[in-house]
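Student:
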Amino acid sequence: MKRFLFLITTKSYGAYINLLCLFAPKKATLLAFSLFSHPRKGKLNTTQLPPFLAEAKKETFDNDSLQIQTYRWDGDEKIIFLLHGWESNTARWKKLIPHLLETGHTIIAIDAPAHGLSEGNEFNVIRYAASIDCVAKKYSPNYIIGHSIGGKASLYYQATYNNPTIEKMVLLGAPSDYAIIFKNYVRLLRLSSRMENLIHQHYWNRFQIKVAEFSAQHYAHSISAKGLLFHDLDDTVVLHDESQKINRIWKTSVLETTKGLGHSLQNKEVYKKIKDFLIQ
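The numbering of the sequence shown is the numbering used here, which starts it at 10 and goes up by one.
Now the structure itself:
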């Protein structure tokens, strides 16, 4: 029933946007972009934090007048950054963090813009990468672990900011092509081709990036850090061939394929391989 109502709602939004586009294309474009960029879930409540987050050391960073929330578990001078995905938050790392603590390294997890305890209503990879950079300027990370769109943001961050302290990166179920995500959104709402083109133009006007070219295939080749990619064959959120695309262009990366874990990749064997990769 919930799925049915979701489909009805999204198609109603799409029909309204297509109609609005005929009379007020600019307003329709902004509305469509807002829906695309606005997470429907993933926020945390300061009074109801999971115990392991409540016990972590907390610090906020200013990014474009938005407060970005971080959680820290102190260790040695080596630093691990954790970056969650869309409509998620730092709580998704609960099962991995105990394994990472065994490395003895310092762990810093970041709530993405508009997620967790971070401020904002809009999310995009460019803003996420800028948030990573704000934290990295104080805590120079040696390792980055990113799940889903957090993995894509990790790649984009390193390719754009070229942080020399980054030695290794782990990507879990990360997408390569932003165009696929965008196309799925257009298809879900049944937006018109005119509306689709207007959003493409809006993206270019705002970020000077073409959606079709916002792909790891255009920038992953510049990353020299070692990479470990995990992707499950049964992932229906981000298909397995997305990591294959990244692996082909990122010459210092290795792809580990799993079966039966889905998009979350929450698995002890995966955690062990991540830990072993970091301490090698």
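Note that CB positions come from ideal geometry on N, CA and C, so glycine has one too.
For LEU238, which option in ARG136, LEU126, ILE154 has the closest C-alpha, if you only look at C-alpha atoms?
Tutor: The candidate whose alpha carbon is nearest that of LEU238 is ILE154.
Student: Assign THR38 to one of two classes, buried (16 or more other C-beta atoms within 10 Å of its C-beta) or exposed (fewer than that).
Tutor: THR38 comes out buried.
Student: Pull up the distance between the alpha-carbon of GLY84 and that of ILE117, whole angstroms please.
Tutor: Whole-angstrom Cα-Cα distance: 10 Å.
Student: On the three-state DSSP scale, how would you describe TYR228?
Tutor: Of the three classes helix, strand and coil, the one that applies to TYR228 here is coil, per DSSP.
Student: Do three or more CB pairs link the region 126 to 135 to the region 63 to 79 at distances below 8 Å?
Tutor: Counting Cβ pairs under 8 Å, three or more are found: they touch.
Student: Taking Cβ to Cβ, would you say LYS36 is nearer than 8 Å to LEU44?
Tutor: No, the Cβ-Cβ distance between LYS36 and LEU44 is not below 8 Å.
Student: Can you find the residues in the same chain that come closer than 6 Å, C-beta to C-beta, to TYR292, ignoring five residues on each side of it along the sequence?
Tutor: Lying before the first or after the last residue shown, residue 292 is absent from the chain, which here runs from 10 to 289.
Student: Rank ALA41, ARG101, ILE175, ARG136 by C-alpha distance to the C-alpha of ILE88 and give the top, closest one.
Tutor: Considering only alpha carbons, the answer is ILE175.
Student: Please confirm if the region 254 to 262 is in contact with the region 193 to 200, defined as three or more CB-CB distances below 8 Å between the two stretches.
Tutor: No contact exists between the region 254 to 262 and the region 193 to 200.
Student: Can you grab the Cα-Cα spacing for the pair LYS161 / GLY94, in whole Å?
Tutor: Distance between the alpha carbons of LYS161 and GLY94: 9 Å.
Student: Can you tell me whether LYS284 is helix, strand or coil according to DSSP?
Tutor: Three-state DSSP puts LYS284 in a helix.
Student: Of the choices GLY271, ALA183, ILE26, GLN57, whose alpha-carbon is the least far from that of GLN253?
Tutor: Checked all of GLY271, ALA183, ILE26, GLN57; the closest Cα to GLN253 is ALA183.
Student: Can you tell me which of the three DSSP states ASN214 falls into?
Tutor: ASN214: helix per DSSP, three-state reduction.
Student: Give the single residue among PHE32, HIS156, SER224 whose Cα lies nearest to the Cα of ASN98.
Tutor: Among PHE32, HIS156, SER224, the Cα nearest to that of ASN98 belongs to HIS156.
Student: Work out the CA separation of GLU205 and ILE9 for me, nearest whole Å.
Tutor: Shown here, the chain extends from 10 to 289; a query on residue 9 therefore has no answer.
Student: What does the Cβ neighbour count give for ASP243, buried or exposed, with the cut at 16 atoms within 10 Å?
Tutor: Answer is exposed; the Cβ neighbour count stays below 16.
Student: In whole angstroms, give me the CA-to-CA distance for ASP285 and HIS108.
Tutor: For ASP285 and HIS108, the distance between alpha carbons rounds to 10 Å.
Student: With distances taken from CA atoms, which of SER46, LYS67, LEU287 is nearest GLY236?
Tutor: Here the closest residue by C-alpha is LEU287.
Student: Among all the DSSP beta bridges, which residues are the ones paired with ASP71?
Tutor: Paired residue(s): GLN76.
Student: What three-state label does DSSP hand LYS35 in the structure shown?
Tutor: Here LYS35 sits in helix by DSSP.
Student: To the nearest angstrom, how far is it from the Cα of LEU53 to the Cα of LEU248?
Tutor: Roughly 28 Å separates the two Cα atoms.
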